[in-house]
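Here is the structure we will look at, set down as structure tokens.
Numbering (my numbering), first residue to last: 243 to 385.
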């Protein structure tokens, strides 16, 4: 899972001022912390790595509020899953050895200003879910 915007904000809040003002110094820190020389930005971090970095500098680890959880028994939720796949919002899963719907990306979309309903999928009523479906269908059609 990728780093969230909230984690990036917290990272820059807990980092010493020298790292915040110097991009090269920050890039060196990320490389040394991850032991991966291809990672030079906070956006390259995984969710877990970002939390470890936050804790290393004295901050509190963030929990992920997953708005994309769905009930597979509900037809409308299965349609949402299908539309997420049609949008090509997919990620590789080692568990399933293939591409699966990127529910983190969908979750972040639900939280964004682009979503017609800003609440977790499982807390939506049928009218709100239908608004999400219409929005996703329009996005698929315009692709």
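For every residue, glycine included, the Cβ atom is placed at its ideal position computed from N, Cα and C.
Query: Other residues of its chain near residue 326: CB distance less than 6 Å, five sequence neighbours each side excluded; Result: 343, 348
Query: Beta-carbon proximity of residue 265 to residue 273, cut-off 9 Å; Result: no
Query: Residue 284 - DSSP class collapsed to helix/strand/coil; Result: helix
Query: Residue 345: first and last residue of the uninterrupted alpha helix (DSSP H) it sits in; Result: 345-353
Query: Through-space distance from residue 246 to residue 320, alpha-carbon basis; Result: 26 Å
Query: Residue from 330, 271, 314, 315 with nearest C-alpha to residue 296; Result: 271
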